[in-house]
Amino acid sequence: MIEVANRLKHVEEYYFSKKLKEVALLKAQGKPIINLGIGSPDLEPPFKATMLLQDSLVEEGAHKYQGYQGLPELRTEISNFYKKHYKVDISSQTEVLPLLGSKEGIMHISMAFLNKGDKVLVPNPGYPTYSAVTKLLEAKPIFYDLKESNNWQPDFTALERLDLKKVKIMWINYPHMPTGANANNKFYDDVIAFGKRHNILIVNDNPYSFVLNEKPISIMRYRGAKDICLELNSLSKTFNMAGWRVGMLVGNYDLVSAVLKVKSNMDSGMFYGIQKGAIEALKCSDMWFVSLNSVYEQRRELIWKLAEGLNCTFEKDTTGMFVWAKLPPHLKSEEFTDLVLKEHSIFITPGTVFGSNGEGYVRFSLCASEEIIKEAIARV
Numbered sequence: 001m002i003e004v005a006n007r008l009k010h011v012e013e014y015y016f017s018k019k020l021k022e023v024a025l026l027k028a029q030g031k032p033i034i035n036l037g038i039g040s041p042d043l044e045p046p047f048k049a050t051m052l053l054q055d056s057l058v059e060e061g062a063h064k065y066q067g068y069q070g071l072p073e074l075r076t077e078i079s080n081f082y083k084k085h086y087k088v089d090i091s092s093q094t095e096v097l098p099l100l101g102s103k104e105g106i107m108h109i110s111m112a113f114l115n116k117g118d119k120v121l122v123p124n125p126g127y128p129t130y131s132a133v134t135k136l137l138e139a140k141p142i143f144y145d146l147k148e149s150n151n152w153q154p155d156f157t158a159l160e161r162l163d164l165k166k167v168k169i170m171w172i173n174y175p176h177m178p179t180g181a182n183a184n185n186k187f188y189d190d191v192i193a194f195g196k197r198h199n200i201l202i203v204n205d206n207p208y209s210f211v212l213n214e215k216p217i218s219i220m221r222y223r224g225a226k227d228i229c230l231e232l233n234s235l236s237k238t239f240n241m242a243g244w245r246v247g248m249l250v251g252n253y254d255l256v257s258a259v260l261k262v263k264s265n266m267d268s269g270m271f272y273g274i275q276k277g278a279i280e281a282l283k284c285s286d287m288w289f290v291s292l293n294s295v296y297e298q299r300r301e302l303i304w305k306l307a308e309g310l311n312c313t314f315e316k317d318t319t320g321m322f323v324w325a326k327l328p329p330h331l332k333s334e335e336f337t338d339l340v341l342k343e344h345s346i347f348i349t350p351g352t353v354f355g356s357n358g359e360g361y362v363r364f365s366l367c368a369s370e371e372i373i374k375e376a377i378a379r380v
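Pasting the structure below:
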């Protein structure tokens, strides 16, 4: 048998990849599973975006290789989007890089800046891919605590006590997944200053800023951010285009160019029609966001009822497409979610998927219709 690479000994198959196999098996056995675990938008993308995708299929050159930096019109529209919604000026020529989904950006950024043995500051709880990619590149994740008592924000005093000599990257993610917590102005000023003091690349992963959030923020609006920061963003959640795989990276020329060196060796450009549809989506008026969030507001009210039915507590002043809920004392997250799956055929996510500080919490997704959520409420 061919032996796998040593790097695979330090990572596991993604939790949802494994768990969805179990859920699929239960469904095949006739179990009426309700999936409230995955953040995969079930609403439709902007109509004009899908029309542009379809119309583009007959355009000359549509099926050829595309440029590694995307269509100039796409980069321009990303720049316009940042100006309109974040009040941030970024150059479409030198400070924007379209991605095949922002998740690939996590790998590309890590490959561009990490050497074997380097260290990476990773939030706990946080998106598991940050630590998985770090391990795949034979770097070392250093988990920093996020706790409810500090509104799920890092303690910079504690961070300063760490040995930061080999730390190259710090991952941050606000609005935060999985908790839905938002960061304030002081946080962004503090994290930029922290990065500059220690020469650490700060990467803000920002795909949830328009979901149930009245004040979308980009780290790039803060003084000095371009000197030390990159930001990932995505059309997946904002425009219900998760399967299209359209993301973006913004930052200064030198940092973005380093990532392009990796990316240009990994893919051959984004499909033309998807780029044309993405351009149209980015042009959506503010009414798109009002309509989108009115749906999520109604769903969230129902999810709150479901959480209460399961004796969970939660904060209402949060954003994003999830409800992060605290379990009654002494209950373990995975035991609880397994019990809910077994007794009620409802799949929700244990907080421990996102790190040890997720113990005692669970995450509910808003990516299900009101009818489905009402059925879940009826079951409990």
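Residue numbering for the sequence shown follows the UniProt record's numbering, beginning at 1 and increasing consecutively.
Each residue gets a CB set at the ideal place from its N, CA and C atoms; glycine is no exception.
For residue i, which residues from the same chain have a beta carbon less than 7 Å from its beta carbon, with the 5 sequence-adjacent residues on both sides left out?
i      : result
Thr129 : Lys103, Ile106
Cys367 : Ile38, Gly39, Ser40, Pro41, Asp42, Met321
Ala62  : Ser56, Tyr272, Gly273
Ile192 : Ile202, Tyr222, Gly224, Ala225, Ile228, Cys229
Tyr188 : Ile219, Tyr222
With a cut-off of 8 Å on the beta carbons, I'd call residue i and residue j a contact; round off their distance for me.
i      : j      : result
Thr319 : Tyr208 : 7 Å
Ala242 : Pro41  : 6 Å
Tyr296 : Met266 : Wrong, their Cβ atoms sit about 34 Å apart, outside the cutoff.
Asn293 : Asn124 : Between Asn124 and Asn293 the Cβ distance is about 29 Å, and since that is not below 8 Å, they are no contact.
Glu203 : Trp171 : Per the sequence shown, the amino acid found at residue 203 is Val instead of Glu. Contact flag correct, Cβ pair sits at about 6 Å.
Leu249 : Leu99  : 6 Å
Ile33  : Phe347 : 6 Å
Asp175 : Asn213 : Looking at the sequence itself, residue 175 is Pro, so the reference to Asp does not match. Going by Cβ atoms, the distance from Pro175 to Asn213 rounds to 6 Å, so yes, they are a contact pair.
Asn206 : Asn185 : With a Cβ gap of about 15 Å, Asn206 and Asn185 do not count as contacting.
If you run the structure through DSSP and keep just helix, strand and coil, what is residue i?
i      : result
Tyr361 : strand
Pro128 : helix
Lys64  : coil
Phe271 : coil
Asn184 : coil
Leu8   : helix
Met287 : helix
Ala215 : Note that residue 215 is Lys in the sequence shown, not Ala. Here Lys215 sits in coil by DSSP.
Gln54  : helix
Phe210 : coil
Val353 : helix
Met220 : helix
Leu331 : coil
Gly105 : helix
Pro72  : helix
Leu162 : coil
Gln298 : helix
Ala139 : coil
His176 : coil
Ser264 : coil
Lys116 : coil
Ile192 : helix
Ser40  : coil
Asn151 : coil
Lys87  : coil
Grab me the residues of residue i's own chain with a C-beta within less than 6 Å of its C-beta, minus the 5 sequence neighbours each way, in chain order.
i      : result
Lys119 : Lys140, Ile142, Lys166, Val167
Asn252 : Lys226
Leu25  : none
Ile279 : Glu73, Leu74, Glu77
Cys112 : In the sequence on display, residue 112 carries Ala and not Cys. The residues are Ala258, Val259, Val262.
Gly101 : Arg245, Gly247
Ile200 : Val167, Met170
Val23  : Ile33, Phe347
Thr238 : Phe210
His108 : Val259, Val262, Lys263
Leu255 : Leu230
Gln29  : none
Cys284 : Pro46
Bridge partners of residue i, per DSSP?
i      : result
Ile202 : Met170, Cys229
Met248 : Pro98, Asn233
Pro123 : Tyr144
Ile346 : Ile34
Ala325 : Phe314, Val362
Near residue i, which residues of its chain fall below 8 Å by C-beta distance, leaving aside the five closest residues on each side in sequence?
i      : result
Arg7   : Lys135, Leu136, Leu137, Glu138
Gln66  : Ser268, Gly269, Met270, Phe271, Tyr272, Gln275
Leu52  : Gly273, Lys276, Gly277, Ile279, Glu280
Phe314 : Trp304, Ala307, Val323, Trp324, Ala325, Lys326
Leu302 : Glu370, Ile373, Lys374, Ile377
Asp145 : Asn124, Pro154, Asp155, Ala158, Asn357
Trp288 : Pro46, Phe239
Leu114 : Val120, Thr134, Leu137, Ala139, Lys168, Ile169
Any Cβ of chain C within less than 8 Å of the Cβ of residue i?
i     : result
Lys27 : Within the model displayed, chain C is absent; a lone protein chain is all it includes.
Can you determine whether any heavy atom of the ligand NAD sits closer than 7 Å to the C-beta of residue i, and answer yes or no?
i      : result
Met107 : As far as ligands go, the structure on display features none, and thus does not contain the ligand NAD.
>> Is it the case that the stretch 152–171 contacts the stretch 337–350, given that we only count it when at least three CB pairs across the two stretches are under 8 Å?
In response: no
>> Would the stretch 222–230 count as touching the stretch 71–80 if we require 3 or more Cβ pairs under 8 Å?
In response: no
> With contact counted as at least three CB pairs below 8 Å, one residue from each stretch, are the stretch 362–369 and the stretch 303–315 in contact?
Replying inline: yes
>> Using 8 Å as the cut-off, can you tell me whether the stretch 78–91 makes contact with the stretch 174–182, which would need three or more C-beta pairs spanning the two stretches below that distance?
In response: Taking a cut-off of 8 Å for Cβ pairs, the stretch 78–91 and the stretch 174–182 do not touch, as fewer than three such pairs fall below it.
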